[in-house]
Every structure is written in structure tokens, then in C-alpha cells.
Amino acid sequence: MTILTLNAGSATLKFAAYFDDGERPLLHGQIEHLGPSTSDPPPRFYACRADGQHLLETVLPQRDPETALHHLAAWLETEVSSVTAVSHRIVHGGPRYSRPTLLDDEAFDYLEGLVPLAPLHQPHGLAGARILQQQLPQARHLACFDTAFHRTQSELQQRYALPEELFRLGIRRYGFHGLSYQYVAEQLPQVLGERIGRGRVIIVHLGNGASACAVVNGRSIASSMGFTALEGLMMGSRCGRIDPGVLLYLQDSLDFSSADIADLLYRRSGLLGVSGISHDMRQLQASAHPAARRAVELFCLMAAREIASLVVSSGGIDALVFTAGIGEHSALVRAGIVERLEWLGFRLDPEANHQTIATTSCISDPGSQPSLWVIPTNEEAMLARQAARWLEEHQSA
Ligand code: ADP
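To convert a position in the sequence shown, counted from 1, into my numbering, add 347.
#1: With a floor of 3 residues, list each beta strand (DSSP E) that falls wholly inside the segment 399-464, ordered by position along the chain.
#2: Can you name the start and end residues of the alpha helix (DSSP H) that residue 757 belongs to?
#3: In angstroms with no decimal places, state the Cα-to-Cα distance between residue 672 and residue 351.
#4: Which parts of the segment 544-605 are runs of the alpha helix (DSSP H), unbroken and 4 residues or longer, counting only runs that do not cross its ends?
#5: Candidates 660, 666, 649: which alpha carbon is nearest residue 683's?
#6: In three-state terms, what does DSSP make of residue 714?
#7: Rounded to a whole number of angstroms, what is the C-alpha to C-alpha distance between residue 531 and residue 602?
#8: Cβ of residue 665 within 8 Å of Cβ of residue 543?
#9: Near residue 634, which residues of its chain fall below 7 Å by C-beta distance, leaving aside the five closest residues on each side in sequence?
#10: Considering residue 664, what are the terminal residues of the alpha helix (DSSP H) in which it resides?
#11: Just to confirm the assignment, what range does the beta strand (DSSP E) spanning residue 376 have?
#12: When you compare only the Cα positions, how much space is there between residue 432 and residue 450?
#13: Could you check whether the segment 397-417 touches the segment 372-380, counting it as contact only if at least three pairs of C-beta atoms, one from each stretch, sit closer than 8 Å?
#14: Considering only DSSP beta bridges, list what residue 392 is partnered with.
#15: Apply the 10 Å Cβ neighbour rule to residue 704 and answer buried if 16 or more other Cβ atoms are within range, or exposed otherwise.
#16: Is residue 497 near the ligand ADP, with its Cβ less than 7 Å from a heavy atom?
#17: Is residue 679 closer than 8 Å to residue 695 when the C-beta atoms are compared?
#18: If we cut at 8 Å on Cβ distances, does residue 500 have a partner in chain D?
#19: Assign residue 492 to one of three DSSP states: helix, strand, or coil.
#20: Along the chain, where does the beta strand (DSSP E) that runs through residue 350 open and close?
#21: Given residue 494, which residues of its chain have a CB within under 8 Å of its CB, disregarding the five upstream and five downstream residues?
#22: For a quick check, are the C-beta atoms of residue 548 and residue 668 less than 8 Å apart?
#23: Taking DSSP's pairing of strands, which residues face residue 362 in a bridge?
#24: Using a Cβ-Cβ cutoff of less than 8 Å, which residues in the same chain neighbour residue 414 once the five nearest sequence positions on both sides are dropped?
#25: Whose C-beta lies closer than 8 Å to the C-beta of residue 692 among residues of the same chain, with five residues either side of it excluded?
#26: Regarding residue 677 and the ligand ADP, is the C-beta to nearest heavy atom distance less than 7 Å?
#27: Name the DSSP beta bridge partners of residue 719, please?
#28: Quick one: Cα of residue 404 to Cα of residue 393, how far?
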């Protein structure tokens with residue numbers, strides 16, 4: 348019996364299979380270079396076992412996700428015993444979903460209504476779920492949401508200072524990266540100790556998308572991302588916090604259409620926009636160009652500013668935890684952020700920081716209060732765990 352996890356993006360399908368306890372991984376892989384772009388290399392499907400042993404690498408004949416998922420379903424039939432549940436990563440669950448849900452017609456309808464709130468992510472997740480439901484009809488198909496972890500936030504934390512009727516229309520702070528935050532939050536008492544782990548912890552997820560979340564006693568109480576995945580920290584190609592007056596000016600005085608503005612904010616800003624070189628932190632760190640250094644500096648400044656602002660919501664801070672690609676690998680960025688927060692009492696251990704690459708580790712001086720940590724995230728593992736818990740709760744159903 349197996350749980351399959353599926354994370355369907357615009358050009359990449361990431362999947363993993365777990366035993367149905369949701370804890371022991373069996374295999375993982377991805378199908379990349381999908382979608383309309385004909386200039387990309389041909390679609391590539393590869394998979395390996397949990398221990399790293401190579402299982403498959405092949406080129407697919409077509410770029411469309413439907414064909415790709417058909418190949419995935421057929422291949423899985425030969426590799427794993429029957430798939431009990433498929434845990435689909437769906438970015439937006441709106442105000443309704445604070446937990447995983449079974450993907451029936453009503454759930455699909457509601458989630459499709461949320462597409463305008465996450466136009467770059469929601470359609471791919473839902474399309475992947477619909478297709479795989481046809482390919483694997485015997486399995487339970489569940490939606491697990493990036494917004495769900497944040498539904499514990501108070502109503503005040505979810506508000507913008509806009510008229511009440513707009514709040515009621517759903518214009519509120521949702522928060523994202525919830526699967527990642529929940530995975531890290533569930534480890535806090537064990538890694539940081541009961542007292543600090545259940546205290547006031549800020550987790551910073553620094554990947555291509557980046558955000559920060561204040562967690563108190565394991566629950567989200569505030570986050571830097573709000574209505575969409577644009578707000579807050581500077582990201583690979585997204586701008587983060589911006590004066591909304593800039594958007595009015597672009598529209599009214601520079602003749603930007605709404606499509607131009609979306610393209611600017613989602614695809615041409617952030618590290619890419621500021622450096623003019625790349626959205627990729629590794630490449631910027633390797634570059635001696637002043638524009639690359641400027642982008643990295645601004646990234647650190649904006650992250651520090653958002654973290655400090657979240658400390659107001661948590662009423663203080665006992666620990667800061669870095670996670671995701673940049674957070675787990677970049678000692679330079681971690682140091683650049685912590686340097687700007689020393690006034691909060693942080694004392695980085697430069698050697699521990701330098702040596703920590705994608706492992707759970709304390710990177711502050713023994714006397715530092717608050718303390719500093721790296722905890723690698725694993726969204727696939729969280730998807731599998733949520734499905735296993737759902738199956739257990741609905742065993743008799
Ligand atoms: P995604 O949000 O797509 O899941 P990841 O969490 O994998 O992204 O993070 C991708 C980011 O991590 C990229 O900017 C990449 O350059 C950065 N990164 C990965 N390894 C390193 C490294 N060794 N040093 C600096 N940045 C790194």
C-alpha cells in the first residue's frame with residue numbers, strides 16, 4: 348500500500364511515493380520541461396529510490412502534462428504496490444480549508460473559484476489532480492494546501508486596512524508555504540527542546556519563493572505573505588513588499604496593462620530584476636558583478652525587515668530557523684540577515700554557519716538568545732504525512 352505525492356507546477360511535476368504510514372519514503376522523481384515552450388530541452392522523466400539508487404531516466408514524446416501523468420501512472424503500476432491515496436499539493440485553499448480535503452466535485456468547484464487568487468499556481472495543481480484522478484481512479488485523491496497552516500491566525504492578523512466589505516469578499520491575508528512551515532514546525536520541540544520549540548519561533552523559508560512565518564507553540568500566528576504569493580520578502584523573480592502607489596503610477600503614467608504589471612511583479616523583479624543577471628542565488632553569489640552583490644544585499648535587508656516586523660506579532664523571539672534552498676545552503680545570506688538583526692540579541696557562530704549545508708544544526712553561539720538554526724524542509728514528506736493522517740481518521744468511512 349502506497350501514498351503518492353504530486354506537486355504539479357507550470358513546467359515540472361514532482362512526485363514521491365511513501366509507505367502508507369506516510370513516514371518511510373520509497374522513491375521520488377520528477378518530469379521536467381513540460382508546457383508550451385518549444386525552446387526547452389525535451390521533457391525528461393527520472394526517478395530514484397529513497398536510498399538514491401537510480402530507477403529511471405527517459406525522454407517523453409510530448410510536452411503536455413496529460414501525457415506526462417499517463418506515463419507516470421503507468422510506470423508506478425510496475426514499481427509500487429497499489430496506490431491507496433494521492434496527496435496533491437494545491438496552493439490555495441481559501442478561507443474554507445484549514446485541513447486536507449477529499450477532492451470531490453464540490454471541492455474542485457470551490458478550488459477552481461480561487462484560480463484568480465493564485466493564477467500561476469492553482470490551475471496546474473488542479474489540472475494535475477483531475478488528470479491523475481482519471482489515471483488512478485481506485486485511489487483517494489486529497490488536496491493539501493499551502494494556505495491551510497495559516498488558518499490558525501487571528502482575524503486581526505488576516506486583515507488589510509481596507510473596507511469591511513472587501514474583507515468579506517475574501518481580500519485578506521492567506522499566507523503560503525504552509526506545507527514547508529508545518530514540516531519544520533513539527534520538528535521544533537525535538538530539535539530546539541520543549542521550552543524553546545513551543546515558544547516564539549520565526550521560520551524563514553528562502554527558496555525561489557521566499558517568506559517568513561511567526562510560529563508560537565507550533566501554530567502560525569502571522570506571515571509575511573498575504574493575499575498572494577507576492578508580498579513580503581524579495582524573491583527569485585518576485586518583488587516582495589512594494590508601495591501599491593507604484594502600481595498605480597505604472598498603470599496611469601507609464602501605460603502598463605494589468606498583464607504587464609503581473610509579468611513585472613511575478614517574473615521580472617526580485618533577484619533577477621535587481622541584478623539583471625539571474626533569479627538564482629547560487630549564480631549571484633558566484634558573480635563578482637556589483638549588480639549581483641546589490642541584489643544579494645537587498646535580499647538580506649528585506650528578509651531582515653520582514654522578520655523584525657513579525658517579532659511584533661509574536662511578542663518577542665526565542666529562535667530563528669532558516670529553511671529551503673537558500674536558507675539551507677547559503678551561509679552568506681544567513682549571515683547577511685542575522686547581521687541586521689543583532690540588536691535582537693542574536694550571536695551567529697560563523698564556523699557553524701559556514702559548515703552547515705542542508706543539515707539540521709544550531710548556528711548560533713552557545714550563549715545567543717534568541718538562538719539560530721537550520722532545519723531542512725521537505726514538502727513531499729508533509730504531503731505524505733497529511734494523507735496518512737487523513738486515511739487514519741477516515742478508516743471506517
Ligand atoms: P523552490 O522554491 O523552487 O523549491 P528551492 O527551495 O530549491 O526552490 O531554492 C532554490 C534557491 O536555492 C535558488 O536560488 C538556488 O540558487 C538556491 N541555492 C541552492 N543551493 C545553493 C547554494 N549552495 N548556495 C546558494 N544558494 C543556493
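All C-beta atoms in this analysis are idealised placements derived from N, C-alpha and C, irrespective of residue type, glycine included. Because the structure is a prediction, the values reported are computed rather than measured.
Answer, in terms of the structure:
#1: 401-406, 430-437
#2: With the chain covering 348 to 744 only, the question about residue 757 has no answer from this structure.
#3: In a straight line, the C-alpha of residue 672 is about 23 Å away from that of residue 351.
#4: 591-600
#5: 649
#6: coil
#7: As the crow flies, the alpha-carbon of residue 531 is around 43 Å from that of residue 602.
#8: yes
#9: If you ignore the 5 residues before and after residue 634, its C-beta comes within less than 7 Å of the C-beta of 624, all in its own chain and listed in chain order.
#10: Segment: none, residue 664 is in no alpha helix (DSSP H) and carries neither H nor E.
#11: 372-379
#12: 11 Å
#13: yes
#14: 378, 405
#15: The residue is exposed, with fewer than 16 neighbouring Cβ atoms inside 10 Å.
#16: no
#17: no
#18: Structure shown: chain D not included; a single protein chain is present.
#19: strand
#20: 349-355
#21: Within the same chain, residue 494 has close Cβ partners 438, 439, 440, 441, 444, 521, 522, 523, 525.
#22: yes
#23: 353, 376
#24: 407, 408
#25: 715, 716, 717
#26: yes
#27: 667
#28: 4 Å
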